[in-house]
Amino acid sequence: MSNLVLVTGAAGFAGSYVIELLAAQGADILAWHRPGGRRPYDSPRTVWQEVDLLDFGAVKRAINSARPSRVYHCGGVAHVGRSWNNTAETFAVNVRGTHYVLEALQQASVEARVVIPSSGLVYRPSEEFLDEDQPLVPASPYGLSKLAQELLGRRASNGRLSVVIGRAFNHIGPRQDPAFAASSFARQIAEIELGRREPVVVVGNLESRRDTTDVRDTVRAYQLILERGQTGSAYNISSGATVAIGDILDLLRQRATVTVRVSVDETRFRPNDAPTLIGDSGRIRKQLGWTPAIPLSRTLDDLLMYWRQALRTP
54 MSNLVLVTGA
64 AGFAGSYVIE
74 LLAAQGADIL
84 AWHRPGGRRP
94 YDSPRTVWQE
104 VDLLDFGAVK
114 RAINSARPSR
124 VYHCGGVAHV
134 GRSWNNTAET
144 FAVNVRGTHY
154 VLEALQQASV
164 EARVVIPSSG
174 LVYRPSEEFL
184 DEDQPLVPAS
194 PYGLSKLAQE
204 LLGRRASNGR
214 LSVVIGRAFN
224 HIGPRQDPAF
234 AASSFARQIA
244 EIELGRREPV
254 VVVGNLESRR
264 DTTDVRDTVR
274 AYQLILERGQ
284 TGSAYNISSG
294 ATVAIGDILD
304 LLRQRATVTV
314 RVSVDETRFR
324 PNDAPTLIGD
334 SGRIRKQLGW
344 TPAIPLSRTL
354 DDLLMYWRQA
364 LRTP
């Protein structure tokens, strides 16, 4: 049995932190990235490979060659708001791409554990605490695509292949795409500090409250779920507390070196945005011993510093 760890979507937000975590532990890593996508970065004991998740032939050849024993399937389309206007790609990459990865593993008779990062958005919208037994009624194309991934994973578990699910709620941090709220706020503030834009941060809906965790805590949960989670089970990854999007903006504005005003752009509102989303992570805390360790203050410090440094780098 191989000791190789496969990470799909390794050049993306969560995937890059999975690589960072595994490399620090001395793992041998095969990192898949989208052809023509974000440029890979140097990482110890990591081999980068271009693989199109929608090319079944390419996926099969890569799996047959690597025969990994552990798989972090982080590849996918992650933006909830864009899924309404980009439904075809969201389903293609998240659902068909997941099917191809799992089918290739099965056809190769690989013995492996696989973690599928899902989402708290698979649940029916509610302002109550959501545990893993709540009704699975997604309210967005993105949430529906994540639920389909989960069902594919459960069907694929066959003894040799052991699939587990991590239902991550909102997670933020350095390197996140600025299409997401917190990263957008931080980038705009860094641009204002450099004199590259007017001292106004343009925002969408600030009233929503989200259960928010640092991405580094989230990927640590993925590893615990992969290594010790019960086959076929789902585990919420959440802090158990909410913060308003407007409060995240205010905390970032307090960290700015200049005075920053706010302008609300209603075209940035999502078609269907639940007022509150909060997860009950009792299962992962009790069974696997996970708890979030990084406070929001550090996450926001690191996020703003990331954009300050990134915008100064040619």
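Position one of the sequence shown corresponds to residue 54 (the working numbering), numbered consecutively onward.
Backbone N, C-alpha and C fix where the C-beta goes; we use that ideal spot for every residue, glycine too.
Everything numeric in this text was worked out from a predicted model, so none of it was measured.
In terms of Cβ geometry, G212 and G128 do not form a close pair [threshold 9 Å]. Comparing C-alpha distances from S179 to each of A201, D264, S122 shows the shortest one belongs to D264.
Distance check between P88 and each of I298, Q78, D105 places D105 closest, using alpha-carbon atoms only. Here N289 is bridged, per DSSP, to R220. Under the three-state reduction of DSSP, P170 is assigned to strand. If you draw a straight line from the Cα of V154 to the Cα of T284, it comes to about 17 Å. Beta-bridge analysis with DSSP links I82 to V58, T99. Straight through space, the alpha carbons of V124 and P170 are spaced by roughly 11 Å. L341 carries a helical assignment under DSSP once its states are collapsed to helix, strand and coil.
The alpha-carbon separation between I82 and P97 amounts to approximately 9 Å. With a beta-carbon spacing of about 47 Å, P252 and V167 fall beyond the 8 Å limit used to define contacts. Less than 9 Å divides the Cβ of W343 from the Cβ of R273. DSSP places V253 in the strand class (E or B) of the three-state scheme. In this structure V317 is in contact with V256, their Cβ atoms being roughly 6 Å apart against a cut-off of 8 Å. Counting along the chain, R149 sits inside no beta strand (DSSP E), nor does DSSP assign it H or E at all.
Closest in C-alpha terms to R365, from the list G110, L75, K113, R240, comes R240.
In the structure shown, Y94 adopts coil according to DSSP, grouped into three states.
Within the same chain, Cβ atoms closer than 7 Å to the Cβ of N56 are found at D81, S122, the five residues on either side in sequence being excluded. Closest in C-alpha terms to A165, from the list R262, A77, I116, G65, comes I116.
Here the alpha carbons of G90 and G110 stand approximately 19 Å from one another. Here L247 is exposed, its C-beta having fewer than 16 other C-beta atoms within 10 Å. With at least 16 other beta carbons inside 10 angstroms of its own, R336 counts as buried.
Here Q160 is exposed: its Cβ has fewer than 16 other Cβ atoms, across all protein chains shown, within 10 Å. Remark: C-beta atoms of W360 and S236 approach each other more closely than 9 Å.
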